[in-house]
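Visitor:
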Amino acid sequence: MKRHSVRIAVIATAAILAAGVLSSCSSAAPTGGSTAASTGSKTIRVTLANHVWTDAIKAKLPEFEKETGLKVELSQYGEDQLSAQYNVKLNAGTNEIDVMMYRPLQEGKLFAKDGYLANLSTDVKSDPAWGWSDFQSGPVGSTTYKDKVVGVPIITEQEVLYYRKDLLAKAGLKVPKTMAELEQAAKAIKAQNPGVAGFVARTAKNAAVTQYSSFLYSFGGDFIGKSGKSAIASDAAKKAYAYYGGLIRNYGPANVSTDMSWPEAMAIFTQGNAGLYTEADSLYKNATDPAKSKVADTVGFAPMPAGPGGSKAYNVPSWALGINAASDNQSNAWKFVKWATSKKLTLAVQQAGVPSARTSVWANKAGTATYPADLAAAIAASTKNGIGHDRPLVIKVPESRDIVGDPLVVAITGGDSNAAADQASTAFQKLLDAEK
Amino acid sequence: MTDTLTVQPELIRAKPEPERSVKRRSKGRAYPIFRVLMLTLTVVLFVAPLVWMVMASLKTNVDIYDPGKTFAFTPTLDNYINVLSRNNYFTFIFNSFWVALWSTIFSLILGVPAAYAMSRFTMHRSAMVVLMARIIPGVSLLVPWYFIFANLKMVGGFGVLILSHMFVALPLIVYIMISYFDSMPLELEEQAQVDGLTPIGAFLRISLPLSAPGLATAGILSFIFSWNNFMFALVLSGANTKTLPVAIFNFVSYASIDWGSLMSAAVVVTVPIMVIALFTQKYIVSGLTAGATKG
Numbered sequence: 001m002k003r004h005s006v007r008i009a010v011i012a013t014a015a016i017l018a019a020g021v022l023s024s025c026s027s028a029a030p031t032g033g034s035t036a037a038s039t040g041s042k043t044i045r046v047t048l049a050n051h052v053w054t055d056a057i058k059a060k061l062p063e064f065e066k067e068t069g070l071k072v073e074l075s076q077y078g079e080d081q082l083s084a085q086y087n088v089k090l091n092a093g094t095n096e097i098d099v100m101m102y103r104p105l106q107e108g109k110l111f112a113k114d115g116y117l118a119n120l121s122t123d124v125k126s127d128p129a130w131g132w133s134d135f136q137s138g139p140v141g142s143t144t145y146k147d148k149v150v151g152v153p154i155i156t157e158q159e160v161l162y163y164r165k166d167l168l169a170k171a172g173l174k175v176p177k178t179m180a181e182l183e184q185a186a187k188a189i190k191a192q193n194p195g196v197a198g199f200v201a202r203t204a205k206n207a208a209v210t211q212y213s214s215f216l217y218s219f220g221g222d223f224i225g226k227s228g229k230s231a232i233a234s235d236a237a238k239k240a241y242a243y244y245g246g247l248i249r250n251y252g253p254a255n256v257s258t259d260m261s262w263p264e265a266m267a268i269f270t271q272g273n274a275g276l277y278t279e280a281d282s283l284y285k286n287a288t289d290p291a292k293s294k295v296a297d298t299v300g301f302a303p304m305p306a307g308p309g310g311s312k313a314y315n316v317p318s319w320a321l322g323i324n325a326a327s328d329n330q331s332n333a334w335k336f337v338k339w340a341t342s343k344k345l346t347l348a349v350q351q352a353g354v355p356s357a358r359t360s361v362w363a364n365k366a367g368t369a370t371y372p373a374d375l376a377a378a379i380a381a382s383t384k385n386g387i388g389h390d391r392p393l394v395i396k397v398p399e400s401r402d403i404v405g406d407p408l409v410v411a412i413t414g415g416d417s418n419a420a421a422d423q424a425s426t427a428f429q430k431l432l433d434a435e436k
Numbered sequence: 001m002t003d004t005l006t007v008q009p010e011l012i013r014a015k016p017e018p019e020r021s022v023k024r025r026s027k028g029r030a031y032p033i034f035r036v037l038m039l040t041l042t043v044v045l046f047v048a049p050l051v052w053m054v055m056a057s058l059k060t061n062v063d064i065y066d067p068g069k070t071f072a073f074t075p076t077l078d079n080y081i082n083v084l085s086r087n088n089y090f091t092f093i094f095n096s097f098w099v100a101l102w103s104t105i106f107s108l109i110l111g112v113p114a115a116y117a118m119s120r121f122t123m124h125r126s127a128m129v130v131l132m133a134r135i136i137p138g139v140s141l142l143v144p145w146y147f148i149f150a151n152l153k154m155v156g157g158f159g160v161l162i163l164s165h166m167f168v169a170l171p172l173i174v175y176i177m178i179s180y181f182d183s184m185p186l187e188l189e190e191q192a193q194v195d196g197l198t199p200i201g202a203f204l205r206i207s208l209p210l211s212a213p214g215l216a217t218a219g220i221l222s223f224i225f226s227w228n229n230f231m232f233a234l235v236l237s238g239a240n241t242k243t244l245p246v247a248i249f250n251f252v253s254y255a256s257i258d259w260g261s262l263m264s265a266a267v268v269v270t271v272p273i274m275v276i277a278l279f280t281q282k283y284i285v286s287g288l289t290a291g292a293t294k295g
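These protein sequence lines are chains A and B, in that order.
For the first sequence, full-length UniProt numbering assigns the number 1 to the initial residue and increments by one for each residue that follows.
For the second sequence, full-length UniProt numbering assigns the number 1 to the initial residue and increments by one for each residue that follows.
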């Protein structure tokens, strides 16, 4: 009796599994397709990250719905939660997402390689008035995969120097323009103001990589050399590691933690406990908003100080809009993307404090009117000389950041950062080889 | 026997103490001091984050980062107003409650008879299969689940959330109840059957009412697990069915974190479950001491 029931159970399970597999094969979603004519439903499902950009767009949504007669269903998540969602849902071939906000540098290559992002090459060129050529070339490069456009950049980010006007004035110093001056200023501020650090920046190995990248470029280095090999043990990179680590070790906050991302570093700066701070400009409102910052009146902005390789900050698209390749509502999804990235909306969003990727908006005076003048100037400088990436452009970005960031932590804690760079370079090269 | 575990430590501590103090005087004095120290330490360790959370929820974003204003600050209710009025938190509270309630009820309906059968008919291999559900990490099931439920057009509804939370609750309930039924004397049911009840009647009229404390323990634990579950709700919920742990992240943005609102939302998530736990804990303990085993 017992045997019998077991056998029946096994057969039934096998049958159910087989039926499931068969039905899943027949209904498998088309992948990697283009925005071929598909009538789709009247509802567009849009997944966005929590961001000022999202808030600004959300406020304007009724206009879009009125204009087009379409309905937008919006889901919003924090950055990491959004990532987790995509990993599960896109992997399962979902068609429940039409428009997706994603991070071109963090996941763009992975998503494009796996065919999650629809090819927008013909769409972006379909309407000259909308103006694809208006988008900055650096960000566009990051949303293009193998000559196919897979996303429209919406938010850009540049690294700038945040500084305290009062502390620099007290020290009788000008705004640092070179790395040597930066170190000098950090030293002077730390010496004159007990309890105040001369310089602060991110210290966690993964989070610091992006902010370290501008130092690396300004010292004449990069993560990956021209030959496609790891370049993080080059002389320039070793100098940059030692310099960044040394600044924090010698002139940073006392007992500095090596686990600081921007919320921690920004808190030190906005509480008035640091004089100089290199960080992404997209965070500037944290420093200038009196509800969040004690130094709102005295904060100034300047371009990245120049190193031996010049002043080379990153200029990257931190976020872009893409269309899910498995969506069966792609033409309507494109309507939304086009609307959200139009000149008019881009201007409105930039005025709300989100640096955009459109040249015309930056050229427009109204586009920078809401920014502190020195910040607008610093951004303009970074955009001009900017490098289009702030982390290694690989598929396994999180892993590579851990590897590349390790010598930073060693440098901050006073270890032998040169040896750490050599070691990291070997590991990084292995990762690069594995991805070939 | 596991059902009585919660009371045992107290019994053990309470009884042997007088003997010890008679035998070794010096140790008799050291022990209470040690005990008080350790208890204080434990309480401080556990309560400090909660206190910090509550205090931060009453501060402005500038004050939260200011070490000088850790204890002395001007409290404000703005964060709570922001969370409760402007962010639809009542919807999320309802969602969490609804999902936790039904996943617990359905798990009890399915799990308790199953546990009874496994206990009375010594189906230990079946019990092992149920335990497998606890051993397999939930993450590994998310992709297939999402795939299946998306094809069934169930993603974003309450149904799928309740089902997925039952995956956590059911094995828990079965295991708690197996041990509870194991500890219940068989004679009670035999007696009932002698008096004319069918086996099912004996279960429904005798065993089930007597296992109320066990049911309470299992039910409350499964409610708490469901209330706190983040992973399943993150992927399987929709914009209108988000549960509290997922909704909390609305206050973490790419370029700004609203710590004040985040902390007050955390208080909103924590307080109901703490209140439930505090009140029902009393019930569980009294229920256990008046249990059928002593009957």
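Note that beta-carbon positions come from the ideal geometry of N, C-alpha and C, so glycine has one too.
Predicted model, so just to flag it, every value in this text is computed and none were measured.
(1) With DSSP run on the structure shown, which of helix, strand or coil describes leucine 22 (chain A)?
(2) Taking the CB atoms as reference points, tell me whether alanine 231 (chain A) and alanine 237 (chain A) lie closer together than 8 Å.
(3) Excluding the 5 residues flanking alanine 100 (chain B) on each side, which residues of the same chain have their C-beta closer than 6 Å to its C-beta?
(4) Going along chain A in order, which residues have a C-beta closer than 9 Å to the C-beta of serine 253 (chain B)?
(5) Return the CA-CA distance between proline 113 (chain B) and serine 121 (chain A), expressed in angstroms with no decimal places.
(6) Are at least three pairs of beta-carbons, each pair with one atom in the region 196-204 of chain A and one in the region 259-276 of chain A, less than 8 Å apart?
(7) Under 8 Å, Cβ to Cβ, is there at least one residue of chain C near asparagine 324 (chain A)?
(8) Enumerate, from N- to C-terminal direction, the unbroken beta strand (DSSP E) stretches of 3 or more residues contained entirely within the region 175-211 of chain A.
(9) Report yes if the CB atom of leucine 74 (chain A) is closer than 8 Å to the CB atom of alanine 117 (chain B), and no otherwise.
(10) Please compile the residues from chain B whose C-beta is within a distance smaller than 8 Å of the C-beta of glutamine 85 (chain A).
(11) What residue range is occupied by the uninterrupted alpha helix (DSSP H) comprising tryptophan 319 (chain A)?
(12) With 9 Å as the limit, tell me which residues of the region 187-202 of chain A have their beta carbon closer than that to any beta carbon of chain B; keep them in chain order.
(13) Are the CB atoms of alanine 255 (chain B) and histidine 389 (chain A) nearer to each other than 8 Å?
(14) Can you list, in chain order, the residues of its chain with a C-beta nearer than 7 Å to that of residue 315 (chain B)? Leave out the 5 residues immediately preceding and following it.
(15) In this structure, how does DSSP classify alanine 357 (chain A) when only helix, strand and coil are distinguished?
(16) With respect to the alpha helix (DSSP H) encompassing lysine 384 (chain A), which residues constitute its N-terminal and C-terminal limits?
(17) Give the secondary structure of isoleucine 276 (chain B) by DSSP, where H, G and I count as helix, E and B as strand, and everything else as coil.
(18) In or out: glutamine 81 (chain A) buried (at least 16 other Cβ within 10 Å) or exposed?
(19) Going by DSSP, what residue range makes up the beta strand (DSSP E) through proline 303 (chain A)?
(20) So serine 83 (chain A) and glutamate 107 (chain A) are in contact, right, with Cβ under 8 Å, and what is the actual spacing, rounded?
(21) Roughly how many angstroms separate the alpha carbons of glycine 367 (chain A) and methionine 263 (chain B), rounded to a whole number?
(22) Report the residue from B:Val268, B:Leu236, B:Ile64 whose alpha carbon sits nearest the alpha carbon of isoleucine 248 (chain B).
(23) So, is the C-beta of alanine 72 (chain B) closer than 8 Å to a C-beta in chain A?
(24) Spell out whether any CB of chain A is found under 8 Å from the CB atom of asparagine 61 (chain B).
(25) Rounded to whole angstroms, what's the CA-CA distance from lysine 365 (chain A) to asparagine 151 (chain B)? Just pull it up for me.
(26) Could you give the DSSP three-state label for lysine 344 (chain A): helix, strand or coil?
(27) Would you say asparagine 329 (chain A) faces chain B, with C-beta separation under 8 Å as the test?
(28) Locate the beta strand (DSSP E) running through threonine 243 (chain B), then write down its first and last residues.
(29) Does serine 293 (chain A) have its Cβ less than 8 Å from a Cβ in chain B?
(30) If we ignore side chains and look at the alpha-carbon of each, how far apart do glycine 111 (chain B) and glutamate 189 (chain B) end up?
(31) From serine 218 (chain A) to glutamate 67 (chain A), what does the alpha carbon distance come to, in whole angstroms?
(32) Taking only the alpha-carbon atoms, compute the straight-line gap between tyrosine 31 (chain B) and leucine 39 (chain B) and give it to the nearest angstrom.
(33) Does the CB of leucine 74 (chain A) have a neighbour CB from chain B at under 8 Å?
(34) Any contact of the region 161-181 of chain A with the region 297-309 of chain A, i.e. 3+ C-beta pairs under 8 Å?
(35) Please determine, among B:Val54, B:Pro67, B:Ser126, B:Ser253, the residue with the shortest C-alpha to C-alpha distance to proline 171 (chain B).
(36) Using CA atoms only, rank isn't needed, just tell me which of A:Val397, A:Thr47, A:Asp98, A:Asn255 is closest to asparagine 324 (chain A).
Guide: According to the data block:
(1) Residue confidence for leucine 22 (chain A) is low, a pLDDT of 39 falling below 50, so the modelled location carries little weight and cannot support an answer.
(2) yes
(3) Phe223, Ser226, Trp227
(4) Ala49, Asn50, His51, Val52, Thr54, Asp55, Gly78, Glu79
(5) 60 Å
(6) yes
(7) Annotation note: the requested chain C is absent from the structure, which comprises protein chains A and B.
(8) 197-200
(9) no
(10) Leu234, Val235
(11) Counting along the chain, tryptophan 319 (chain A) falls outside any alpha helix (DSSP H), though it belongs to the beta strand (DSSP E) covering 315-323.
(12) none
(13) no
(14) No statement about residue 315 (chain B) is possible, as the shown extent of chain B runs from 1 to 295 and does not include it.
(15) coil
(16) 373-385
(17) helix
(18) buried
(19) 299-303
(20) 7 Å
(21) 35 Å
(22) B:Val268
(23) no
(24) yes
(25) 50 Å
(26) helix
(27) no
(28) Premise fails: threonine 243 (chain B) is in no beta strand (DSSP E) and is neither H nor E.
(29) yes
(30) 20 Å
(31) 47 Å
(32) 12 Å
(33) yes
(34) yes
(35) B:Ser126
(36) A:Asp98
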